[in-house]
Amino acid sequence: MIPVFKPSYGKEELEALKEPFETGWIGLGPKTKEFEKKFAEYIGVKYAVATNSCTAALHLAMKVMRVEGYEVITTPLTFISTNHAIVYNNGIPVFADIYPDTLNINPDEIKKLITDRTGAIVAVHYGGHPCDMDLINEIAKKHNLVVIEDAAHGCGGEYKGQKIGSLGDIACFSFHAVKNLATADGGMITTNDPEIYSRLLKLRWLGISKDTWAREEKDRKYSWYYSVEEVGYKCHMNDITAALGLVQLKKLDRMNDRRGEIIEKYNKGFADLDWIETPMVKSYAKSACHNYVIKAKERDRLNIYLQEKGISTGVHYIPNNHYQMYKNCRGETPVCEEVWTKLLTLPLFPDLTDSEVDMIVERVRRFKE
Ligand SMILES: Cc1ncc(COP(=O)(O)O)c(C=O)c1O
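Sequential numbering from 87 applies to the sequence shown in the working numbering.
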């Protein structure tokens with residue numbers, strides 16, 4: 087069975103694990119700091135804060151962006167974490183419709199939903215294709231809203247030459263096993279705001295502040311001292327995860343290029359089929375090529391057929407406003423309603439071989455022969 091996603095690991099990852107094992111420093115320590123520094127440099131932002139998942143990153147990001155009590159305009163076509171994070175913070179999700187081509191939130195639909203209760207917009211870069219950020223930022227500026235990027239799919243992608251994760255007020259990445267940069271589990275928050283940064287450092291570690299310790303460190307008198315200024319959470323990254331992350335970061339562009347090659351091969355292989363719509367990339371975008379999602383009228387039958395032929399597939403996602411707890415949220419999403427029934431995710435990961443891609447193309451084509 088060919089999986090839909092698979093992390094790309096080699097000897098370097100195994101080798102990188104030696105250091106934390108040998109030094110015994112496996113918790114939050116120097117590797118996490120190094121990963122944060124290099125990740126911030128890669129994205130082109132001042133600060134990065136590492137967490138144990140993107141779900142935790144979104145939880146903290148929405149807390150520091152103070153969404154509590156406000157409506158937050160979001161997309162229905164995302165993993166449930168995006169919208170749970172709004173609710174964790176006592177925000178109110180409002181669903182805006184999506185573009186039928188990129189499947190990203192449609193700024194014209196955002197405009198229609200703005201009221202004096204709106205506090206934030208969440209931009210999920212679906213499949214690694216950046217949202218139309220100039221339009222989203224313009225709306226946000228006009229109405230004094232914050233923009234939170236859910237960059238879980240977007241590691242390495244760009245909008246008009248600028249990296250995903252540097253395009254709004256704050257951004258959250260996922261390093262879950264199926265993501266472009268995979269560390270089993272992990273996340274990162276990126277920002278340019280020094281105050282937000284220093285609050286996040288505390289919030290991800292139970293609210294613990296080492297400020298006094300840092301002041302007294304010189305004579306080591308108070309090396310045991312810390313203060314707690316607010317309730318935080320236990321969701322920091324550890325150095326085993328960060329060691330993997332550092333290797334994956336080095337390989338990221340190469341792995342993303344390979345994803346791009348596979349996408350091209352798929353697109354060519356399906357170009358003459360009128361019953362499949364292949365994904366498109368807007369002129370302003372460099373996609374992170376996270377997934378390969380086709381649109382097919384007979385999605386469900388094709389799905390079963392491919393599973394029987396040894397090809398795993400996925401559906402990303404069931405619109406979140408279908409779930410009981412989000413059913414009564416404001417916002418009409420007819421485009422999403424229509425398009426999601428056609429979405430089917432085919433295998434895409436850097437180690438997928440050309441002959442496997444050829445085999446997948448051939449089996450898909452035979453569905454109608
Ligand atoms: C769009 C999106 N947001 C958030 C998440 C949550 O990421 P994590 O599994 O790292 O918590 C995911 C994970 O699949 C995702 O796809």
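Glycine is no exception: its CB is placed at the ideal position from the N, C-alpha and C atoms.
Computed from a predicted model, the values in this text were never measured in an experiment.
Across which residues does DSSP place residue i in a beta bridge pair?
| i | result |
| --- | --- |
| I446 | Per DSSP, none; premise fails for I446. |
| Q248 | Y245 |
| K320 | W291 |
| K381 | E363 and L429 |
| F64 | Since the displayed the chain opens at 87 and closes at 455, residue 64 lies outside it and no answer follows. |
| I200 | DSSP, once it has assigned bridges, lists no residue as partnering I200. |
| M274 | A136 and F259 |
| P179 | V158 |
| E235 | A209 and A257 |
| K372 | E244 |
| S313 | S295 |
| I225 | Bridge partners of I225: none, in fact. |
| G400 | T431 |
| I191 | I184 |
| I88 | I397 |
Given a threshold of 16 other Cβ atoms within 10 Å of its Cβ, counted over all protein chains shown, does residue i qualify as buried or as exposed?
| i | result |
| --- | --- |
| Q334 | buried |
| P116 | exposed |
| N414 | exposed |
| T164 | buried |
| D183 | buried |
| D262 | The amino acid occupying residue 262 in the given sequence is His; Asp does not appear at that position. Burial call: buried. |
| P420 | exposed |
| H408 | exposed |
| I397 | buried |
| R285 | buried |
| Y185 | buried |
| G247 | exposed |
| M366 | exposed |
| S309 | exposed |
| K198 | exposed |
| K249 | buried |
| R152 | exposed |
| S313 | exposed |
| E122 | buried |
| T109 | exposed |
| L189 | buried |
| I390 | exposed |
Excluding the 5 residues preceding and the 5 following residue i in the sequence, name in chain order all residues of the same chain whose CB lies nearer than 7 Å to its CB.
| i | result |
| --- | --- |
| T204 | Y156, E157, I159, H229 and L231 |
| A382 | W361, I362, L388, K428 and L430 |
| S167 | C140, T141 and L144 |
| P106 | I112, K117, D325, I326 and A329 |
| Y412 | N169, P179 and N406 |
| I282 | V150 and I256 |
| P433 | I88, P89, V90, I397, S398 and I446 |
| N353 | T364 |
| C422 | P162, L163, D183, I184 and P405 |
Take residue i and list the residues in its own chain whose beta-carbon comes closer than 6 Å to its own, dropping the five residues that flank it on each side.
| i | result |
| --- | --- |
| A257 | E235, A237, G251 and T276 |
| G113 | N324 |
| I178 | E157 |
| R416 | V180 |
| N278 | V131 and K132 |
| P93 | A263 and A268 |
| R344 | P436 |
| W426 | P405 |
| F125 | A134 and M274 |
| V210 | T161, T164, T168 and D236 |
Residue i and residue j look like a contact to me (Cβ under 8 Å); what is the Cβ gap, rounded to whole Å?
| i | j | result |
| --- | --- | --- |
| N175 | E154 | 5 Å |
| L332 | E127 | Contact doesn't hold; Cβ gap of about 12 Å is too wide. |
| I446 | I88 | 7 Å |
| F435 | F91 | 5 Å |
| C321 | R340 | About 30 Å separates the two Cβ atoms, so there is no contact after all. |
Which residues in the same chain as residue i place their Cβ atom closer than 8 Å to its Cβ, once the five residues preceding and following it in sequence are excluded?
| i | result |
| --- | --- |
| N223 | V233, L253 and G254 |
| K288 | I294, S295, E315, E316 and G318 |
| K454 | L359 and W361 |
| Q393 | T399 |
| K337 | S94 and E98 |
| L103 | I326, A329 and L330 |
| P280 | K132 and Y133 |
For this session: Assess, as a yes-or-no matter, whether the stretch 205-223 is touched by the stretch 367-384 under the definition of 3 or more beta carbon pairs within less than 8 Å.
Result: Cβ pair count under 8 Å is three or more, so yes.
Exercise. Using 8 Å as the Cβ pair cut-off and three pairs as the minimum, do the stretch 262-269 and the stretch 235-250 touch?
Worked result: The stretch 262-269 vs the stretch 235-250: in contact.
Exercise. How about the stretch 137-152 and the stretch 193-204: do they share at least three Cβ pairs that are nearer than 8 Å?
Worked result: Flag = no, the stretch 137-152 and the stretch 193-204 do not touch.
For this session: Count the C-beta pairs between the stretch 344-351 and the stretch 428-440 that are closer than 8 Å, then say yes if the count reaches three, no if not.
Result: Cβ pair count under 8 Å is three or more, so yes.
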